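K.L.:
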Amino acid sequence: MAPVIDIKGITKVYRVGVEEVRALRGIDLTIARNEFVAIMGASGSGKSTLMNILGCLDQPTDGSYVLNGSRADRLSAGALAEVRNKEIGFVFQTFELLARSTAIENVALPLVYSRLAWWGSRKRAREVLTMVGLGDRMKHRPNQLSGGQRQRVAIARALVNRPSLLLADEPTGNLDSTTSEEIIALFKRLHEQGQTIVIVTHEEDIAGHAQRIVRLRDGKIISDNPTLADPIHRDYLDRVARASVAAAGTAIAAREGGSAREGGGVSDGVGGGVGGGGVRA
Amino acid sequence: MTILRLIFQTAVLALGQLWANKVRAVLTMLGIMIGVGAVIATVGATEGLKSYILKEFDSFGPRKVWMDGTVPRSQRGRVSSTQYDLRISELLYIKDNAQTIDAITPMQFLSGTVRAGDEVRTGVSVTGMWPDWHEIEKRQAVQGRPLIWTDVNEVRNVCLVNDKAIAELRLDSDPSGDFILLNDRRFLIVGVIETKAVAQGFPGGGEARTELYIPYTTAIAMQPRDTANFALAQLKEAGGADEAKAELSSILRRLRRLGGEDENNFQVETVQSVIDQVSRVATGITVAAGGLVAISLLVGGIGIMNIMLVSVSERTREIGLRKAVGARPSVILLQFLVEAVVLCLVGGMIGLLAGAGLLLAVAAIPSSPLADAGVPLWAVGVSLGFSALTGIVFGMFPAIKAARLDPIVALRHE
């Protein structure tokens, strides 16, 4: 079967004033159906530019992009819009829900621009909302929903047109850790159901849920490994494991030795410090 | 189908937005509201006034022609005002020779004292005329008989009374054959005619009172003079006003031996020419009102453009999102155009209601000449059509701006 994404030799050059900024310097990338890939990189690495091109929001300066068997480079603005509508579901860090519209209206938005009849689009939107676990929140507006619920609405919206690619840009960046885990669990469930997913993130623990990690630096791919074979990720996992062992040790020591008050303080300090460092690595 | 659904959805969305920002929306639409309201009121009032005037003239008779002797401007003050009154010989000549009219009568008014039994009325309006008067005024005898030429030729002391006179003078319900005294002369009542309500300001207009109609010759005999106050005639065909005016003028000029340079010392007017004049004035006012609305729509349109630009910039992220989920630039363009049009149409409709309300208020004033003023359907269509056009014209620039937004930039907009 043809891969969902097949990119060859993609470059992207921006002109800022008289200066040329080479955001991508020759990217080759193939993502097969039902893969779950994390794209990682520091800011300025070109990962946003790559995501925009993958999402058909932007066009490469050079190179070829075949999305789900059809060409997706050098298209007109109208043709790109149609590709985005049919083939791609976006999930944004800031959700991007329409504040005045209800959950179901937000989910049905992409269908407004496709050729589904009104009744059919309502039915489909209800179906997807139920699938992400918001069957009882259809008439709620975004300000009546929690952050996690908002992101679920956004995910339902991304899925409503049955896209071949679900493209998520820091989907948990605005969520607390518990909610992040819920959202990641939802992504994993979608992946098990056959959805191809690409997540752009800089958080190792989020990337750890993907099957494969692609790392960018200075507009080039510097590594592309299965998650468990990725050296940086393995290093990260080691540190998390050590930190948790250390935290557990401190907690035990505190329970055995010092007063409850001191022990609590030490435990919090160590856990927070290691956890934070790990995420930023 | 998809496009229609999109337009509908956008319109609903836009209406919701108007409702959410009521004050802003009203301020934005003010120009269009005032413009449309003013035009609707003006056009409605003009049309109402026109139909009122035309109806009045219609009650006077659309085929009527009246002729009168006048003193030309150059001789004013130097000759008596009756110098050029129409002569019976002239009217007889016209009656026998004019092709464009089929009836003519001189009109001689006098005021008399009428006595019937014990009842006395002074200042009764008495009209001397020829039998054609019945045809011209469309007032036939409802009892007895009409006036006939024999009455005129034999200078008979006969009269017609109107039905008002029966009540005022306590006559028999069928007074034909009775006698009354007019200025101490015995007159035989030969028939009764209906009282016709003629509008105030027209000859014979005002509140209906006792009226007597007598042969022209008899009237002359009672008030010696051989000229008529004026003459009435009737067009052969309703459309022949200009021909009749030309023919009657040329006959009178010939009879009065006026040279090529001389001014007319008479006038010939047709109701039709007055109607035409009224219509022309009304059309002029309507056109002027149209010019005014064009200006106010221009001003209103700039307001619309302004608010649409604000809207585009406020909703940049929304535009970015819509584009990201598959809205083509043309669809975004359509969305903002529909919003501008909805804004203008709502403003236009409010203006329409305000204008119509103003008109109704004026019409409700007792005995207002605008009593049956209404907003003509074409004015509703034109003002709403122009409102929508304003929306399209002035919404185009903001809509193009929205359509051209780069989705990446738009989504990054704060």
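Chains as they are written, first to last, in the numbering used here: chain A, 1 to 281; chain G, 1001 to 1414.
Virtual Cβ for every residue (Gly too), placed ideally from N, Cα, C.
All figures in this text were calculated on a predicted structure; none of them were measured in a lab.
Compute the Euclidean distance between the alpha carbons of A/A253 and A/Y236, then round it to the nearest angstrom.
P.N.:
Here residue 253 of chain A is taken as the residue at index 253 of the first sequence, counted from 1. Here residue 236 of chain A is taken as the residue at index 236 of the first sequence, counted from 1. Near 25 angstroms, if we compare the C-alpha coordinates of A/Y236 and A/A253.
K.L.:
From G/W1133 to G/A1388, what does the alpha carbon distance come to, in whole angstroms?
P.N.:
Here residue 1133 of chain G corresponds to residue number 133 of the second sequence, with the count starting at 1. Here residue 1388 of chain G corresponds to residue number 388 of the second sequence, with the count starting at 1. Straight-line Cα distance between these residues: approximately 55 angstroms.
K.L.:
Quick check on A/L175 - is its C-beta less than 8 angstroms from some C-beta in chain G?
P.N.:
Counted from its first residue, the first sequence places residue 175 of chain A at position 175. No - not a single Cβ of chain G is within 8 angstroms of the one on A/L175.
K.L.:
Below 8 angstroms on the Cβ atoms is my contact criterion, and I expect G/V1417 with G/G1355 to pass it. Report the Cβ-Cβ distance as a whole number of Å.
P.N.:
Residue 1417 of chain G is absent from the structure shown; chain G starts at 1001 and stops at 1414.
K.L.:
Residues of chain G with CB under 9 angstroms from A/V21, in chain order?
P.N.:
Walking along the first sequence from the start, residue 21 of chain A turns up at place 21. Residues of chain G passing the Cβ test: none, with the nearest at roughly 15 angstroms.
K.L.:
Report buried or exposed for A/M1, applying the criterion of at least 16 other Cβ atoms within 10 angstroms of its Cβ.
P.N.:
Here residue 1 of chain A refers to the residue found at position 1 of the first sequence. Looking at its Cβ environment, which holds fewer than 16 other Cβ atoms inside 10 Å, A/M1 is exposed.
K.L.:
Could you say which of G/Q1335, G/L1147, G/E1211 lies nearest to G/L1169 if we only look at CA atoms?
P.N.:
In the second sequence, counting from the first residue as 1, residue 1169 of chain G sits at position 169. Nearest C-alpha to G/L1169: G/E1211.
K.L.:
So that I know if they touch, is there some Cβ in chain G lying closer than 8 angstroms to that of A/G78?
P.N.:
Within the first sequence, numbered from 1, the residue matching residue 78 of chain A stands at position 78. A/G78 counts as touching chain G.
K.L.:
Please list, in chain order, the residues of the region 93 to 113 of chain A that have any C-beta partner in chain G closer than 8 angstroms.
P.N.:
E96, L98, R100, L109, P110, V112, Y113
K.L.:
Applying a beta-carbon distance threshold of less than 9 angstroms, which residues of chain G neighbour A/D58?
P.N.:
Counting from one through the first sequence, the residue named residue 58 of chain A turns up at place 58. Neighbours of A/D58 on chain G, chain order: D1406, P1407, I1408.
K.L.:
Identify whether G/P1175 lies in helix, strand or coil by the three-state DSSP scheme.
P.N.:
Reading the second sequence from its first residue, position 175 is the one you call residue 1175 of chain G. Reduced to three states, the DSSP call for G/P1175 is coil.
K.L.:
Helix or strand or just coil, what does DSSP make of A/S45?
P.N.:
Walking along the first sequence from the start, residue 45 of chain A turns up at place 45. Looking at A/S45 - three-state DSSP - the assignment turns out to be coil, as it is neither helix nor strand.
K.L.:
Would A/M138 and A/I104 be called neighbours here (beta carbons separated by less than 8 angstroms)?
P.N.:
Here the question's residue 138 of chain A lines up with position 138 in the first sequence. Here the question's residue 104 of chain A lines up with position 104 in the first sequence. Taking 8 angstroms as the cut-off, the beta carbon of A/M138 is found closer than this to the beta carbon of A/I104.
K.L.:
Could you confirm whether any beta carbon from chain G is found closer than 8 angstroms to the beta carbon of A/T11?
P.N.:
The residue given as residue 11 of chain A occupies position 11 in the first sequence. Chain G, which has no Cβ nearer than 8 angstroms to the Cβ of A/T11, makes this no.
K.L.:
To the nearest angstrom, how far is it from the Cα of G/G1259 to the Cα of G/L1297?
P.N.:
Here residue 1259 of chain G refers to the residue found at position 259 of the second sequence. Here residue 1297 of chain G refers to the residue found at position 297 of the second sequence. If you take the alpha carbons of G/G1259 and G/L1297, they lie about 56 angstroms apart.
K.L.:
Do A/I213 and A/A168 have their C-beta atoms within less than 8 angstroms of each other?
P.N.:
Walking along the first sequence from the start, residue 213 of chain A turns up at place 213. Walking along the first sequence from the start, residue 168 of chain A turns up at place 168. In this structure, A/A168 does not lie closer than 8 angstroms to A/I213 by Cβ.
K.L.:
Give the secondary structure of A/S64 by DSSP, where H, G and I count as helix, E and B as strand, and everything else as coil.
P.N.:
Position 64 of the first sequence, counting from 1, holds the residue named residue 64 of chain A. A/S64: strand per DSSP, three-state reduction.
K.L.:
Starting from the C-beta of G/A1098, find all residues in its chain whose C-beta is less than 7 angstroms away, skip the five residues before and the five after it, and write them out in chain order.
P.N.:
Start at 1 with the first residue of the second sequence, and residue 1098 of chain G comes out as number 98. The residues are E1247, L1248, I1251.
K.L.:
Considering only C-alpha positions, which residue in the set G/S1051, G/F1266, G/I1040, G/V1142 is nearest to G/F1386?
P.N.:
Along the second sequence, one-based indexing puts residue 1386 of chain G at 386. Ranking the options by Cα distance to G/F1386, first place goes to G/I1040.
K.L.:
For the beta strand (DSSP E) holding G/M1129, just list the boundary residues, first then last.
P.N.:
Translated into the one-based positions of the second sequence, residue 1129 of chain G becomes position 129. 1119 to 1129 is the span of the beta strand (DSSP E), which, as asked, contains G/M1129.
K.L.:
At the 8 angstroms Cβ level, is A/E170 part of the contact set with chain G, yes or no?
P.N.:
The sequence position of residue 170 of chain A within the first sequence is 170, counting from 1. So, not an interface residue.
K.L.:
Within 10 angstroms of its Cβ, does A/F187 collect 16 or more other Cβ (buried), or is it exposed?
P.N.:
Looking up residue 187 of chain A in the first sequence gives position 187. Its Cβ being crowded by 16 or more others within 10 Å, A/F187 is buried.
K.L.:
Is A/F95 near G/A1324, with beta carbons less than 8 angstroms apart?
P.N.:
Here residue 95 of chain A refers to the residue found at position 95 when the first sequence is read from its first residue. Here residue 1324 of chain G refers to the residue found at position 324 when the second sequence is read from its first residue. No, the pair does not count as a contact, with Cβ atoms beyond the cut-off.
K.L.:
Would you verify that the beta carbon of A/E127 is, or is not, closer than 8 angstroms to some beta carbon of chain C?
P.N.:
Of the protein chains in this structure, namely A and G, none is chain C.
K.L.:
Can you find at least 3 beta carbon pairs, one from the region 1176 to 1195 of chain G and one from the region 1139 to 1154 of chain G, that sit closer than 8 angstroms?
P.N.:
yes
K.L.:
For G/Y1213, which beta-bridge partners are listed by DSSP?
P.N.:
Locating residue 1213 of chain G in the second sequence gives position 213, counting from the first residue. Note: G/Y1213 sits in a beta bridge opposite G/T1127, G/L1160.
K.L.:
Could you work out which residues of chain A lie near G/R1024, taking near to mean beta carbons separated by less than 9 angstroms?
P.N.:
Within the second sequence, numbered from 1, the residue matching residue 1024 of chain G stands at position 24. Close partners of G/R1024 in chain A (Cβ separation under 9 angstroms) are lacking, with about 15 angstroms as the shortest Cβ gap.
K.L.:
I need the straight-line Cα distance from G/R1412 to G/L1359, nearest angstrom please.
P.N.:
Stepping through the second sequence from its first residue, residue 1412 of chain G is reached at position 412. Stepping through the second sequence from its first residue, residue 1359 of chain G is reached at position 359. So the two alpha carbons sit approximately 52 angstroms from each other.
K.L.:
From G/A1244, G/E1194, G/R1185, G/E1243, pick the residue whose C-alpha is nearest to that of G/M1222; which is it?
P.N.:
The sequence position of residue 1222 of chain G within the second sequence is 222, counting from 1. Residue G/R1185 is the option with its Cα nearest to G/M1222.
K.L.:
By a C-beta neighbour count over all protein chains shown, 10 Å radius and 16 as the cutoff for buried, is A/Y14 buried or exposed?
P.N.:
Sequence index remark: in the first sequence, residue 14 of chain A carries index 14 (1-based). It counts as exposed.
K.L.:
Report all residues from its chain with a CB closer than 7 angstroms to the CB of A/N106; omit the five preceding and five following residues, and keep chain order.
P.N.:
Stepping through the first sequence from its first residue, residue 106 of chain A is reached at position 106. Counting only Cβ-Cβ distances below 7 angstroms, and skipping sequence neighbours, we find L97, L98, V153, R157.
K.L.:
State yes or no: is the beta carbon of A/W118 nearer than 8 angstroms to at least one beta carbon in chain G?
P.N.:
Translated into the one-based positions of the first sequence, residue 118 of chain A becomes position 118. Interface annotation, A/W118: in contact with chain G, CB-CB separation under 8 angstroms.
K.L.:
Which chain A residues sit within Cβ distance under 7 angstroms of G/V1331?
P.N.:
For the purposes of this step, residue 1331 of chain G is identified with residue 331 of the second sequence, where counting begins at 1. Here the neighbours are Y113.
K.L.:
Helix, strand or coil for G/F1266, going by three-state DSSP, please let me know.
P.N.:
Here the question's residue 1266 of chain G lines up with position 266 in the second sequence. In the structure shown, G/F1266 sits in a strand (DSSP, three-state: E or B).
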